[in-house]
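Accompanying notes for the structure given below.
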Amino acid sequence: MRLCVIGAGYVGLVTATCFAEMGNQVMCVERDPFRLARLAKGQAPLYEPGLESMLQDQVAAGRLGFTASLAEGIDRADVIFIAVGTPSGEDGSADLSHVLEVAEELGAGLKRPCLVVDKSTVPVGTAERVADRIHSGLAARGLGFRVEVASNPEFLKEGSAIEDFMRPDRVVIGCESPEAAECLRRLYAPFLRNHDRLLVMGLRAAEFTKYAANAFLATKISFMNEMAGICARLEVDIEEVRRGVGSDKRIGTHFIYAGCGYGGSCFPKDVRALIRTAEQEGIEPGILRAVEARNALQKTLLYQSVREHFNGFLKGRVIALWGLAFKPGTDDLREAPSLVLLEALLQAGARVRAHDPVANAGVAARFPRAVETGQLRLDDSPYEVTDGADALVLVTEWKQFRQPNFERIRGLMRMPVIFDGRNLYEPEQLVESGFVYRGVGRPQRG
Ligand code: NAD
């Protein structure tokens, strides 16, 4: 099929590349000149494992192209995916300006019938609004053909986006006509060869499914973080509890890790948007509010723990941070817990030495003043940052941090104290190696 994907972000770029990989002809429209310039050189403008080489292969095969021109992108496309951002608006609702702008551009540019598919996460009713805008644009140009707008929310996870797209747990399609359902079923068939989990439902149900899924996952995390808080007081280790709880099939092992809070471009904004939707409908979203409040608190706990350890005096202390991205496998820093910690440490006068395998540059750009004065130093080596440190804080659980050389670290640090924001380490092992260990929801050790 001939496809157009509008927006070359984490979702759009992965979608475009994976569809091209299956033999489709894909044009990707991106308006950010920086991203476009990188793409023109065959480079992925964002970090996602496996993406860049796949993208280069598809460009070389002539199946994938990039353009700033919507007219060029949609020319001859059978299916057009909208994959632009839907950040939080001022009141917490999803800001649909990018999506609706694209709808207007489509109304002004479409020359023939095609299927438009919303892949961005959007509130219930958005597909109808997109269709209205497109049809007004067509009518203004004296064109009378109908364009169906379907919903196909995306469930990929940054850090394993290619794998998730290639082997989805399910594909959700919301549409009005059997033709649209059949078109998308054919497009997704190569990704669903081993199971047939293509769920066709009403437009509005598809839109809501994405919010409900993300809100539920965020709820699992906040629930466990609350349990961790109680455990810490009772001298109970949340990690033992997690294993005990997770072995129940009704609960499952995923997303029940206590930590320093969820971040990223999805959970925070989607929970906020769902709260706003509920409010607009006169429903009190008590659970969602609690999920959000718990997460906001959780993001401050690492700092509080470090501060307490140093009796409130952090000025001049050297604090090493491992991991800055909101999760392993990505360079995405949107709403990352590391930013809350960094802000507080810098404010308190600490000197921060930080390392992330791919997100150093993004953090440097967010704290230019601290980098300039040397209060914040970003380093390519995880060991380098521990040299002379008074404490090491593990914020993002990248794989390379799982089994570090603790002996070497102890030799480098001024004081061997580890704050484990993801409960990645075995407390006993660290205490035996001479460290003071502080986890999340675990009895104090050392
Ligand atoms: P992103 O910000 O990384 O990418 C959006 C891209 O769209 C940007 O590059 C921007 O320049 C481009 N864009 C905006 N308006 C445009 C226009 N008029 N023409 C051409 N390009 C335009 O966003 P993302 O993380 O890929 O998310 C996109 C959507 O997918 C959001 O609604 C998000 O909630 C949803 N989603 C994201 C993820 C994720 O893990 N990132 C997962 C599932 C769903």
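For the sequence shown, the positions run 7 to 452 when the working numbering is used.
We treat Cβ as the ideally placed atom computed from N, Cα and C, and that holds for glycine.
Ends of the alpha helix (DSSP H) at residue i?
i           : result
residue 54  : Premise fails: residue 54 is in no alpha helix (DSSP H) and is neither H nor E.
residue 444 : Per DSSP, residue 444 belongs to no alpha helix (DSSP H); it is in the beta strand (DSSP E), 442–444.
residue 144 : 132–146
residue 198 : Here residue 198 belongs to no alpha helix (DSSP H), and DSSP marks it neither H nor E.
residue 105 : 103–115
residue 332 : It is not in any alpha helix (DSSP H) - residue 332 carries neither H nor E in the DSSP assignment.
residue 410 : Per DSSP, residue 410 belongs to no alpha helix (DSSP H) and is neither H nor E.
residue 431 : Unbroken run through residue 431: none, as it is neither H nor E.
residue 272 : Here residue 272 belongs to no alpha helix (DSSP H), and DSSP marks it neither H nor E.
residue 26  : 16–27
Within this structure, are the beta carbons of residue i and residue j separated by less than 8 angstroms?
i           : j           : result
residue 77  : residue 115 : yes
residue 213 : residue 336 : no
residue 121 : residue 189 : yes
residue 362 : residue 394 : no
residue 312 : residue 399 : yes
residue 354 : residue 321 : yes
residue 22  : residue 41  : no
residue 342 : residue 269 : yes
residue 93  : residue 275 : yes
residue 137 : residue 153 : yes
residue 397 : residue 296 : no
residue 234 : residue 446 : yes
residue 345 : residue 339 : yes
residue 405 : residue 334 : yes
residue 382 : residue 376 : yes
residue 54  : residue 160 : no
residue 267 : residue 317 : no
Hey, residue i and residue j are a contact pair by Cβ (cut 8 angstroms); roughly how many whole angstroms apart?
i           : j           : result
residue 415 : residue 392 : 5 angstroms
residue 448 : residue 430 : Not quite, the Cβ-Cβ distance comes to about 12 angstroms (not below 8 angstroms), so this is no contact.
residue 57  : residue 70  : Their Cβ separation, rounded to whole angstroms, is 12 angstroms, which puts residue 57 and residue 70 out of contact at 8 angstroms.
residue 176 : residue 139 : Incorrect: roughly 29 angstroms between the Cβ atoms, too far for contact.
residue 87  : residue 12  : 7 angstroms
residue 79  : residue 35  : 4 angstroms
residue 3   : residue 17  : Outside the shown range of the chain (7 to 452) lies residue 3, about which nothing can therefore be said.
residue 231 : residue 273 : About 13 angstroms; that fails the 8 angstroms criterion.
Opposite residue i in the DSSP bridges: which residues?
i           : result
residue 359 : 326, 383
residue 156 : 123
residue 426 : 400
residue 10  : 33, 86
residue 177 : 204
residue 71  : 33
residue 167 : In the DSSP output, where bridge partners are listed per residue, residue 167 has none listed.
residue 451 : 443
residue 100 : 94
I need the boundaries of the beta strand (DSSP E) containing residue i, first residue and last residue.
i           : result
residue 33  : 31–35
residue 257 : That residue, residue 257, is in no beta strand (DSSP E); it is neither H nor E in DSSP.
residue 204 : 204–207
residue 79  : It is not in any beta strand (DSSP E) - residue 79 instead sits in the alpha helix (DSSP H) that spans 76–80.
Buried or exposed: which applies to residue i, given that a residue is buried once 16 or more other Cβ atoms fall within 10 Å of its Cβ?
i           : result
residue 240 : exposed
residue 305 : buried
residue 205 : exposed
residue 249 : exposed
residue 444 : buried
residue 222 : exposed
residue 97  : exposed
residue 359 : buried
residue 180 : buried
residue 265 : buried
residue 118 : exposed
residue 435 : exposed
residue 91  : buried
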